[in-house]
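Numbering (our numbering), first residue to last: 227 to 472.
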């Protein structure tokens, strides 16, 4: 295998030594803009409001109930649209920024480079939407298939960050090949950050200070997977041209 958890985390710490606060701001911005969001919105109304029988038939409560449902539907649709058209692309932008940060000092504008070209942006929106949709549909069968697909499609955001014109079929094919035999190891890598996030949760917003370390580690993971894919001929520089310039 091209990587180990210890090596990835060691490399991530080295990268962050001179760039932690810059990466912290970048991750914070991406998080606020919904990076990683599938667009799902969960809004719970008080049970009493959902049970009109508790009030009897009253035009006043009926009107309030109708207005609340309209608000829920509108907010839900807006949240879904935001997740699709902003959250997904920002996840890809974050991947690009973290990969560029391995090579030097990327400009802050790199976070928004995915929005600079209409064709590239629309393709990123489409591919990320299909990725999230497929994972969601597999999750409907059972939790385990959804988790399995999540790890099969693990590298799709990184592949789009490097090549925003890549089709969903090709990104899916590459990600499946790159995670073959390593999905459990990646899952364990994810689990290794739980302690850090729990510690961050104890001090309320501490988790946001852990995220740069996690994202830097995942960037190292993709770099190792990319190197393996190049060495085994799964892909080449004509398809993945690198992150040094854009």
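Note that CB positions come from ideal geometry on N, CA and C, so glycine has one too.
Query, Result
"My assumption, with CB atoms under 8 Å, is that residue 442 sits in contact with residue 242. Please give the rounded CB distance.", "5 Å"
"Check for me: the alpha helix (DSSP H) holding residue 389 runs from which residue to which?", "Looking at the DSSP string, residue 389 is not in any alpha helix (DSSP H), and its letter there is neither H nor E."
"With distances taken between CB atoms, is the gap from residue 260 to residue 312 smaller than 7 Å?", "yes"
"By Cβ distance, which residues of its chain are closer than 6 Å to residue 237, with the 5 residues on each side in sequence left out?", "446"
"Could you check what DSSP says for residue 347 in three-state terms: helix, strand or coil?", "helix"
"Please give me, in chain order, every unbroken run of the beta strand (DSSP E) with length at least 3 that falls completely inside the segment 330-376.", "none"
"From which residue to which residue does the alpha helix (DSSP H) around residue 261 run?", "Per DSSP, residue 261 belongs to no alpha helix (DSSP H) and is neither H nor E."
"I'd like the list of long-range same chain contacts for residue 460, defined as Cβ closer than 6 Å, with 5 residues on each side in sequence excluded.", "403"
"With DSSP as the reference, label residue 463 as helix, strand or coil.", "coil"
"Does the segment 351-363 touch the segment 320-333, meaning 3 or more C-beta pairs lie closer than 8 Å?", "no"
"Whole angstroms are fine: how far does the CA of residue 300 sit from the CA of residue 307?", "11 Å"
"I'd like to know if the segment 418-433 and the segment 361-381 are in contact, where contact means that at least 3 CB-CB pairs between them fall below 8 Å.", "no"
"With a cut-off of 8 Å on the beta carbons, I'd call residue 437 and residue 257 a contact; round off their distance for me.", "7 Å"
"Under DSSP, the alpha helix (DSSP H) around residue 393 begins and ends at which residues?", "Note, residue 393: premise wrong, no alpha helix (DSSP H); not H, not E."
"If I measure Cβ to Cβ from residue 349 and keep anything under 7 Å in the same chain, skipping five residues before and after, which residues do I get?", "390 and 391"
"Give me, in chain order, the residues of the same chain whose beta-carbon lies closer than 8 Å to that of residue 228; leave out the 5 immediate sequence neighbours on both sides.", "450, 451, 453 and 454"
"Can you tell me where the alpha helix (DSSP H) with residue 436 in it begins and where it stops?", "433-457"
"For the segment 244-255 and the segment 324-341, state whether three or more C-beta atom pairs, one from each stretch, are separated by less than 8 Å.", "yes"
"Run the CB neighbour count on residue 270, radius 10 Å, all protein chains shown included, and call it buried at 16 or more, exposed below.", "In this prediction, residue 270 has a pLDDT of 48, which is less than 50 and means its spatial position is unreliable; what the coordinates show is noted afterwards. So residue 270 ends up on the exposed side."
"In terms of alpha-carbon separation, which member of 385, 255, 233 and 294 lies closest to residue 462?", "385"
"Quick check: what's the CA-CA separation for residue 416 versus residue 393?", "27 Å"
"With DSSP as the reference, label residue 384 as helix, strand or coil.", "helix"
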